[in-house]
Amino acid sequence: MELTVGQVVDGEEVFEDYVLRIDDMTKAPGQDDVYLYDVVHRAKGSNQWKPLCQDGQGGLVPAIPVANYWNLETGDRVDDPNVFVWACTNAVIAKCVMWGYRPWATTKRCKDWEKGKNCKTISLADHHQACTRMARADYCGIGEPWTVNGTAIDIWDHLSPQVEARATNWFIEAEWTPDGAYCLRDIRHQEYKEQGLYPKCFLDKKGNPKKAPSDCGSLKDHRALLVSAFDKYGEGLPDDNNNDDDDDDDDDDDDGGWGGWGGGHGHGHGHGHGHGGH
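For the sequence shown, the residue numbers in our numbering are 1 to 278.
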């Protein structure tokens with residue numbers, strides 16, 4: 001596959017001609033409709049193949065093809081039927097897919113989510129986008145992360161059945177929508193607050209953190225899509241969970257691919273163009 005790949009360098013998009021090659025494909029564990037691709041690339045005219053997605057040591061990381069693309073500055077999803085992303089599995093677009101919020105899939109949302117009554121079928125696309133905001137602690141929904149890679153969080157939803165269920169008694173952080181946090185009880189990295197830093201959209205007129213509504217975390221009337229919690233008081237994981245139910249988030253400097261979002265985008269010979277994913 002030949003593509004013109006764009007990457008952001010010093011705030012500017014730079015385009016180069018590349019050749020992509022898929023070396024392997026495997027089914028993702030526990031997901032019937034998610035496949036992992038080992039993708040390598042080389043500059044046109046070069047014989048040196050390199051992983052499209054890389055870990056911190058330069059080793060290959062699998063990628064997942066996901067429709068549409070994401071604005072590298074704001075984190076907004078841009079819907080375009082002619083575009084897909086190679087989403088690196090060590091960054092948030094693919095992580096949210098792996099956690100079960102596959103944007104191409106559908107599920108049921110019910111007014112009485114616990115009993116599964118008064119239900120309708122919905123797309124998971126908005127849950128996936130809310131997940132990308134949550135994973136990067138992009139509270140204001142403007143592409144500004146408030147986290148560091150490797151921070152453990154607990155996440156859950158009120159879908160029927162739940163994609164993710166609550167696994168800890170950790171401190172509730174926020175409710176999440178595709179546009180950022182609906183409500184925020186506290187930021188997961190307390191050291192920022194100790195430095196006098198806090199998301200501007202959750203500051204009052206005096207510059208102090210706004211008080212969250214008492215029911216923040218309830219997902220009342222499906223006003224938001226996801227809830228996150230973090231280990232504010234150093235409780236650790238429940239003994240019977242080990243590391244199975246808690247998810248690591250990503251910051252803006254994730255090194256899994258170009259631009260911190262996990263891949264490049266290209267305009268390919270009639271095949272559409274793939275855009276770098278989280």
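Idealized CB from N, CA, C, for every residue including glycine.
Per DSSP, residue i is paired with what?
i, result
"His41", "Leu20 and Lys50"
"Lys27", "Tyr35"
"Tyr69", "Val78"
"Ala63", "Tyr37 and Cys88"
"Leu159", "BP columns for Leu159 are empty, so no partner."
"Leu226", "Asp157 and Trp176"
"Pro209", "Leu203"
If the criterion is Cβ atoms closer than 9 Å, does the pair residue i and residue j meet it?
i, j, result
"Asp33", "Trp86", "no"
"Thr121", "Thr132", "no"
"Thr26", "Pro65", "no"
"Cys216", "Ala174", "yes"
"Thr168", "Pro238", "yes"
"Trp176", "Asp154", "no"
"Phe202", "Cys140", "yes"
"Leu159", "Trp113", "yes"
"Lys44", "Val14", "no"
"Pro161", "Lys210", "no"
"Thr4", "Glu16", "yes"
"Cys55", "Tyr69", "Correcting the residue identity first, residue 55 is Asp in this sequence and not Cys. Their beta carbons are not under 9 Å apart, which means Asp55 does not touch Tyr69 by this criterion."
"Gly143", "Glu73", "yes"
"Met98", "Ala212", "no"
"His127", "Leu219", "no"
Can you tell me which of the three DSSP states residue i falls into?
i, result
"Asp244", "Any reading at Asp244 needs caution, since the residue's pLDDT is 49, under 50, leaving its predicted position unreliable; the model's value is listed next. Coil at Asp244, not helix or strand."
"Asp215", "coil"
"Asp231", "coil"
"Asp154", "strand"
"Leu237", "coil"
Using 9 Å as the limit for Cβ to Cβ distance, is residue i near chain D?
i, result
"Cys183", "Within the model displayed, chain D is absent; a lone protein chain is all it includes."
So, is residue i buried or exposed, given that buried needs 16 or more other C-beta atoms within 10 angstroms?
i, result
"Tyr233", "exposed"
"Ser156", "The sequence shown places Trp at residue 156, rather than the Ser named in the question. It is buried - the Cβ of Trp156 has at least 16 other Cβ atoms within 10 Å."
"Asp221", "exposed"
"Gly75", "buried"
"Gln129", "buried"
"Ser228", "buried"
"Arg188", "buried"
"Ala137", "buried"
"Arg77", "buried"
"Leu294", "Residue numbering for the chain in the displayed model covers 1 to 278; residue 294 lies beyond these limits and cannot be assessed."
"Lys95", "buried"
"Glu164", "buried"
"Ala224", "buried"
"Gly180", "buried"
"Gly259", "Its pLDDT being 29, under 50, Gly259 is placed unreliably by the model, and nothing is read from it."
"Ala91", "buried"
"Arg21", "exposed"
"Val9", "exposed"
"Val39", "buried"
"Asn71", "exposed"
"Asn149", "buried"
"Gly100", "buried"
"Gly58", "exposed"
"Pro51", "buried"
"Trp49", "exposed"
"Asp23", "exposed"
Inset, instruction - Quick one: which unbroken alpha helix (DSSP H) runs of 4-plus residues sit fully inside the stretch 76–152? Chain order, please. - result: Fully enclosed alpha helix (DSSP H) runs of 4 or longer: 92–98 and 125–135.
Legend entry - Every unbroken alpha helix (DSSP H) inside the stretch 165–207 [4 residues or more]: Runs found: 190–194.
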